[in-house]
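Residue numbers (my numbering), protein chains in the order written: chain A, 288 to 616; chain B, 288 to 616.
C-beta: ideal position from N, C-alpha, C; glycine also.
Bear in mind the structure is a predicted one, so any value in this text is a computation, not a measurement.
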DNA sequence: ATGAAAGCGCTAACAC
DNA sequence: GTGTTAGCGCTTTCAT
């Protein structure tokens with residue numbers, strides 16, 4: 288049985304109010320009283336019960352981060368950025384994983400509800416805010432990250448998906464490619480839509496007709512990247528491929544390696560996200576780099592500001608990607 | 288302001304006790320009363336306050352998982368295994384990250400304390416249980432995972448590190464190598480010690496003298512793998528290298544690629560953990576595969592069992608690794 | 001078949 | 001400079 292504030296007060300011969308104030312430094316307490324309290328705390332191995340504290344004060348100094356795929360280092364890199372700023376401000380981070388399933392996401396959100404958290408950062412798997420109705424009730428500030436559900440008017444942090452893909456595809460076109468495959472994530476997500484829009488725009492601006500058969504979408508996971516690449520290789524005559532997420536890129540590369548595709552001679556490839564392994568591939572992979580850590584930092588900063596000042600309406604913050612040219616195209 | 292049980296009781300014209308029992312299905316309530324309560328809950332968008340619930344019932348249906356490095360997919364894969372079993376039993380998972388820093392680990396543990404969690408799974412960065420004194424106070428069951436602090440008598444889940452490395456090094460020796468480099472993680476960790484023990488044993492059994500200069504240890508991160516590889520390449524005449532963690536392996540590969548080492552002609556390499564990119568390297572990497580998902584499942588199952596039955600002393604569960612031979616050696 | 005009330009551990013308003 | 005006390009939202013015992 289953990290000891291409570293009462294035990295400490297008893298042992299130190301003071302009131303629980305005094306103990307509370309010593310613990311929180313929230314009003315003056317004489318040095319000798321303080322010393323007695325600290326001694327008692329130590330002897331009893333006292334840790335404040337943060338559940339009771341949260342219940343009473345209606346704040347937990349904890350923020351939640353709900354991600355769609357724990358296996359995707361894009362999100363864990365973001366988490367590191369978030370943690371970096373939270374730590375400095377005395378906040379804790381707890382993570383949830385929706386596994387790209389709406390039902391699981393709702394379940395996690397219901398758990399987050401009930402003032403367990405003072406704020407939430409979410410990369411939602413929902414396509415529209417309607418789907419989150421009833422679980423995002425405005426009890427705490429929310430910052431949307433990466434993918435933004437339709438109708439979202441809260442704060443949101445994202446990258447210039449459309450432009451990023453426009454630029455990459457334009458490079459491919461300039462190299463002479465016209466049959467360019469495109470693999471996207473779940474088609475309900477804003478990121479997928481924006482990236483495909485950029486793809487279309489680049490082709491159109493270059494006067495190349497868009498063939499829908501060259502565009503494939505799936506669930507953002509590795510297996511799916513593998514499968515969609517297989518389809519494109521078998522069913523189309525593409526000469527270049529852009530994969531819009533790092534997990535799917537790994538899947539694509541696996542298929543290509545198994546079938547001994549030579550890059551860039553047989554196929555040019557551009558992936559998303561830049562991790563150590565991108566450079567280690569054979570050949571080194573050209574990628575669209577996303578500022579993960581910075582996305583996390585930005586989201587955390589915006590959220591903390593919003594916690595301090597809940598009013599006024601949400602804003603959009605767009606960070607920039609960077610195209611990194613290596614030998615795969 | 289979220290609505291409370293009182294609001295629901297008022298609206299439904301029943302007592303709060305009845306609402307509670309309806310919510311939890313914990314005693315008989317007539318169908319019509321139930322219906323009225325459900326209606327009120329819906330209209331008020333009522334979500335039970337889990338903080339209050341935890342405070343009162345002294346359980347949270349939540350378990351914590353403290354990991355040393357969010358960027359290391361070994362741990363996120365484990366987290367997926369944990370989540371897989373927790374979900375089925377109605378438990379939630381919250382993650383913490385110690386970033387391999389003892390101070391941060393203690394901080395996270397202090398937050399976990401205070402019955403916010405019903406149990407803990409931890410891959411500790413501490414070398415001995417002494418360092419965790421005062422924060423692991425026995426208020427909830429604990430399962431240690433992967434690395435086991437000295438003096439630990441609680442449940443622990445690990446792999447056969449010693450044997451795994453013994454086997455891999457023996458394979459290298461059989462190929463004719465005698466000057467074999469070894470890169471380990473933090474030297475205070477059990478995993479590092481066991482892996483290095485396996486390395487020494489393999490050499491000794493083969494009648495090869497162990498040179499300490501061929502053994503290097505660092506902080507388990509990518510940069511460190513890079514740096515230690517540089518040292519070994521510049522300062523020794525090794526012909527083979529074993530790296531005992533996937534992050535450090537990426538660092539090692541980066542150095543080797545930058546300096547155009549040819550594998551396995553110039554250097555044979557064996558890494559730890561098997562991810563998609565291991566196969567995609569040039570050449571495909573031989574690795575010691577660890578059963579991550581299964582480790583997570585096992586840990587969660589052991590923990591839940593322990594929550595049900597807290598007595599009796601901790602046991603050790605050892606899962607097996609698997610050597611995967613590819614072309615890098 | 002349902003209600004009244006105690007109390008989990010803490011914070012903060014009020015009192016002296 | 002410190003103590004008393006109400007009450008956060010809930011579960012659960014004891015009533016009836």
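Exercise. Do we get a CB-CB distance below 8 Å when we pair residue 310 of chain A with the residues of chain B?
Worked result: Answer no: the Cβ-Cβ gap between residue 310 of chain A and chain B never drops below 8 Å.
Exercise. Along the stretch 334–350 of chain A, what residues have a CB closer than 7 Å to any CB found in chain B?
Worked result: Flagged, chain order: 334, 335, 336, 337, 338, 339, 341, 342.
Problem set entry | Whole-angstrom distance between residue 490 of chain A and residue 537 of chain B, CA atom to CA atom | Approximately 36 Å between the Cα atoms of the pair.
Exercise. Which chain B residues sit within Cβ distance under 9 Å of residue 588 of chain A?
Worked result: Neighbours of residue 588 of chain A on chain B: none; closest Cβ ~19 Å, over 9 Å.
Exercise. Chain B partners of residue 367 of chain A, CB-CB under 9 Å?
Worked result: The answer, in chain order, is 357, 358, 384, 386.
Problem set entry | Within chain B, the residues that residue 544 of chain A reaches when beta carbons sit closer than 9 Å | Within chain B, the residues placing a beta-carbon under 9 Å from that of residue 544 of chain A are 566, 567, 571, ordered along the chain.
For this session: Note down the Cα distance separating residue 389 of chain A from residue 412 of chain A, rounded to an integer number of angstroms.
Result: When rounded, the distance between both Cα atoms is 6 Å.
Exercise. Based on the DSSP output, what are the partners of residue 406 of chain B in its beta bridges?
Worked result: Residue 406 of chain B is bridged by DSSP to B:350.
Problem set entry | Delimiting residues of the alpha helix (DSSP H) encompassing residue 437 of chain B | Counting along the chain, residue 437 of chain B falls outside any alpha helix (DSSP H), and DSSP gives it neither H nor E.
Problem set entry | Exposed unless 16 or more other CB atoms sit within 10 angstroms - verdict on residue 335 of chain B | Per the 10 Å Cβ criterion, buried.
For this session: Evaluate contact between the stretch 440–450 of chain B and the stretch 587–598 of chain B, counting only Cβ atoms and requiring at least three cross-stretch pairs below 8 Å.
Result: Contact between the stretch 440–450 of chain B and the stretch 587–598 of chain B is present, because at least three Cβ pairs lie under 8 Å.
Exercise. How big is the Cα-Cα spacing for residue 350 of chain B and residue 585 of chain B?
Worked result: So the two alpha carbons sit approximately 14 Å from each other.
Problem set entry | For residue 453 of chain B, three-class secondary structure by DSSP | The answer is helix: DSSP assigns residue 453 of chain B an H, G or I state.
For this session: Would you mind telling me which residues of chain B sit closer than 9 Å to residue 234 of chain A, beta carbon to beta carbon, in chain order?
Result: Lying outside 288 to 616, the shown extent of chain A, residue 234 of chain A is not represented and no answer is given.
Exercise. What whole-angstrom Cβ distance do residue 470 of chain B and residue 380 of chain B have, given they're in contact under 8 Å?
Worked result: Contact flag wrong, Cβ pair sits at about 32 Å.
Problem set entry | Cβ-based contacts, 9 Å cut-off: residues of the stretch 410–423 of chain A near chain B | Cβ contacts with chain B: 421, 422.
Exercise. What residues from chain A crowd round residue 381 of chain B, counting only those whose CB sits closer than 8 Å?
Worked result: Residues of chain A passing the Cβ test: 381, 382, 383.
Exercise. Run through DSSP, which three-state label would residue 500 of chain A get?
Worked result: Helix, per DSSP.
For this session: Give a yes or no on whether the C-beta atoms belonging to residue 575 of chain B and residue 455 of chain B are separated by under 8 Å.
Result: The beta carbons of residue 575 of chain B and residue 455 of chain B sit closer together than 8 Å.
For this session: Name the two residues that bound the continuous alpha helix (DSSP H) containing residue 371 of chain B.
Result: Counting along the chain, the alpha helix (DSSP H) containing residue 371 of chain B begins and ends at 360–375.
Exercise. What residue from B:564, B:406, B:360, B:615 has the CA that sits closest to residue 348 of chain B's CA?
Worked result: Among B:564, B:406, B:360, B:615, the Cα nearest to that of residue 348 of chain B is on B:406.
For this session: With a 10 Å radius around its C-beta and 16 neighbouring C-beta atoms as the bar for buried, classify residue 598 of chain A as buried or exposed.
Result: Residue 598 of chain A counts as exposed, since fewer than 16 other beta carbons sit within 10 angstroms of its beta carbon.
Exercise. Expressed to the nearest angstrom, what Euclidean distance is found between the alpha-carbon atoms of residue 302 of chain B and residue 296 of chain B?
Worked result: Between residue 302 of chain B and residue 296 of chain B, the alpha-carbon positions lie close to 5 Å from each other.
Exercise. Beta carbon of residue 342 of chain A, beta carbon of residue 339 of chain B: below 8 Å?
Worked result: A contact, by the Cβ cut-off of 8 Å.
Problem set entry | Meets three-Cβ-pair contact criterion under 8 Å: the stretch 509–529 of chain A and the stretch 459–468 of chain A | Contact holds: three or more Cβ-Cβ distances are below 8 Å.
Problem set entry | Residues of its chain near residue 328 of chain A, where Cβ-Cβ distance is below 7 Å and the 5 sequence neighbours each way are ignored | Apart from sequence neighbours up to five positions away, the residues of its chain that approach residue 328 of chain A with a beta-carbon distance below 7 Å are 295, ordered along the chain.
Exercise. Mind pulling the chain A residues with CB within less than 7 Å of residue 400 of chain B?
Worked result: Ordered by position in chain A, the residues that pass the 7 Å Cβ test against residue 400 of chain B are 334.
Exercise. How long is the line joining the alpha carbons of residue 321 of chain A and residue 290 of chain A, rounded to whole angstroms?
Worked result: Taking the straight line from one Cα to the other gives about 18 Å.
For this session: Give the DSSP bridge partners of residue 469 of chain B, in chain order.
Result: B:502, B:529, per the DSSP bridge assignment.
Problem set entry | Anticipated Cβ contact below 8 Å, residue 550 of chain B with residue 337 of chain A, distance rounded | Cβ-Cβ separation between residue 550 of chain B and residue 337 of chain A: approximately 51 Å, too far for a contact (criterion under 8 Å).
Exercise. On the three-state DSSP scale, how would you describe residue 460 of chain A?
Worked result: DSSP, reduced to helix, strand and coil, places residue 460 of chain A within a helical segment of the structure shown.
Problem set entry | Residue burial classification, residue 434 of chain B (beta-carbon count within 10 angstroms, cutoff 16) | By the Cβ-count criterion, residue 434 of chain B is buried, with 16 or more other Cβ atoms from all chains shown falling within 10 Å of its own Cβ.
Exercise. To which residues of the same chain is residue 453 of chain B closer than 7 Å at the C-beta, ignoring the five residues directly before and after it?
Worked result: Cβ within range, chain order: 485, 488, 489.
For this session: Please confirm if residue 563 of chain B has its CB atom under 8 Å from at least one CB of chain A.
Result: Closer than 8 Å: yes.
Problem set entry | Reduced DSSP secondary structure (H/G/I, E/B, other) of residue 553 of chain A | DSSP places residue 553 of chain A in the coil class of the three-state scheme, outside both helix and strand.
Exercise. What in chain B is Cβ-close to residue 289 of chain A, meaning under 9 Å?
Worked result: For residue 289 of chain A, the C-beta contacts it makes with chain B under 9 Å involve 400, 401, 402, 424, 426, in order along the chain.
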